[in-house]
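Protein chains in written order, with the working numbering: chain B, 43 to 155; chain L, 43 to 155.
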DNA sequence: GGTAGCTACTTTGCATCGCAAGGTAGCCTA
DNA sequence: TAGGCTACCTTGCGATGCAAAGTAGCTACC
């Protein structure tokens with residue numbers, strides 16, 4: 043398993059909750075949206091199991107809707123529980139990101155000396 | 043396992059490499075340094091296995107040195123391989139952090155509307 | 001000399017999540 | 001009818017943080 047996979051642990055969930063929060067969407071499109079944001083190569087093999095888990099945990103709800111082309115799409119939206127979870131994620135992300143940035147910055151400075 | 047533990051996967055390694063890069067240090071003190079940077083409650087149960095793994099992978103080297111009080115300390119410094127690994131980590135961290143910030147920012151904006 | 005308290009290191013099994021890769025199936029067009 | 005595309009699903013694996021118990025050295029005090 044690569045470093046990137048490790049770094050995405052826990053993070054992917056927050057990103058997906060956030061994207062769904064912006065606008066209800068379906069699994070296939072989530073991959074596209076993540077790519078647009080700069081998170082490339084997040085495969086369906088990551089997204090669908092995660093979506094089903096979030097649904098099981100009642101953070102999101104899905105409804106099947108007809109598609110213009112191809113099969114039906116499962117549109118997801120956040121539940122109240124999901125919105126809370128997203129808030130908690132943002133807090134935890136900040137609590138991790140901030141010290142990490144400090145640590146890496148100091149390291150960078152050292153290298154520049 | 044908590045969200046914080048998940049978010050630390052992969053991240054802890056980079057932080058520890060960076061702190062050691064700044065100045066050689068020993069296991070026990072790493073916990074203190076992490077705390078100073080704002081990463082509290084990272085226990086020895088996380089740090090020591092990680093140090094031994096990094097040593098096994100030849101990213102760091104350790105030397106036992108006398109301590110003013112208490113038992114000897116195992117001081118670690120980065121190897122050339124470790125410095126490369128740290129650089130790679132910083133790249134990967136940026137490649138993850140940037141899109142995540144974008145995604146979370148959009149989500150925040152939505153909430154503020 | 002022995003003991004308590006502190007420093008310092010070690011170990012092991014568990015829980016969790018990203019993901020590869022194969023699968024099913026609906027819809028449109030030629 | 002079949003091919004190609006869209007869309008969803010499943011399963012087992014690999015890797016890492018960590019709790020919690022452990023060992024042991026050193027100092028200071030009685």
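Every residue, glycine too, gets a C-beta built ideally from N, C-alpha and C.
Rounded to whole angstroms, what is the Cα-Cα separation between residue i and residue j?
i, j, result
"residue 92(L)", "residue 86(L)", "9 Å"
"residue 95(L)", "residue 63(L)", "17 Å"
"residue 66(B)", "residue 113(L)", "58 Å"
"residue 69(B)", "residue 130(L)", "31 Å"
"residue 135(B)", "residue 76(B)", "18 Å"
"residue 128(B)", "residue 104(B)", "17 Å"
"residue 145(L)", "residue 61(L)", "29 Å"
"residue 148(L)", "residue 74(B)", "16 Å"
"residue 110(B)", "residue 132(L)", "43 Å"
"residue 126(L)", "residue 88(B)", "29 Å"
"residue 90(B)", "residue 90(L)", "35 Å"
I believe residue i touches residue j by the beta-carbon criterion, under 8 Å. Please report the beta-carbon distance rounded to the nearest angstrom.
i, j, result
"residue 116(L)", "residue 106(L)", "6 Å"
"residue 100(B)", "residue 121(B)", "6 Å"
Determine the closest residue to residue i out of the options, with distance taken between C-alpha atoms.
i, options, result
"residue 71(B)", "102(B), 101(B), 118(B), 100(B)", "118(B)"
"residue 19(L)", "60(L), 89(L), 84(L)", "Within the shown structure, residues of chain L are numbered from 43 to 155, placing residue 19(L) beyond reach of any answer."
"residue 123(L)", "73(L), 88(L), 90(L), 102(L)", "102(L)"
Would you check if there are 3 or more beta carbon pairs closer than 8 Å linking the stretch 51 to 62 of chain L to the stretch 47 to 59 of chain B?
yes
Complete alpha helix (DSSP H) runs within the stretch 73 to 105 of chain B (minimum length 4 residues, chain order)
86 to 98
Would you call the stretch 67 to 82 of chain B in contact with the stretch 134 to 143 of chain L, where contact means no fewer than 3 C-beta pairs closer than 8 Å?
With the cut-off at 8 Å, the stretch 67 to 82 of chain B and the stretch 134 to 143 of chain L touch.
Can you check the stretch 106 to 132 of chain L for any beta strand (DSSP E) of at least 3 residues that lies completely inside it and give the ranges in chain order?
115 to 120
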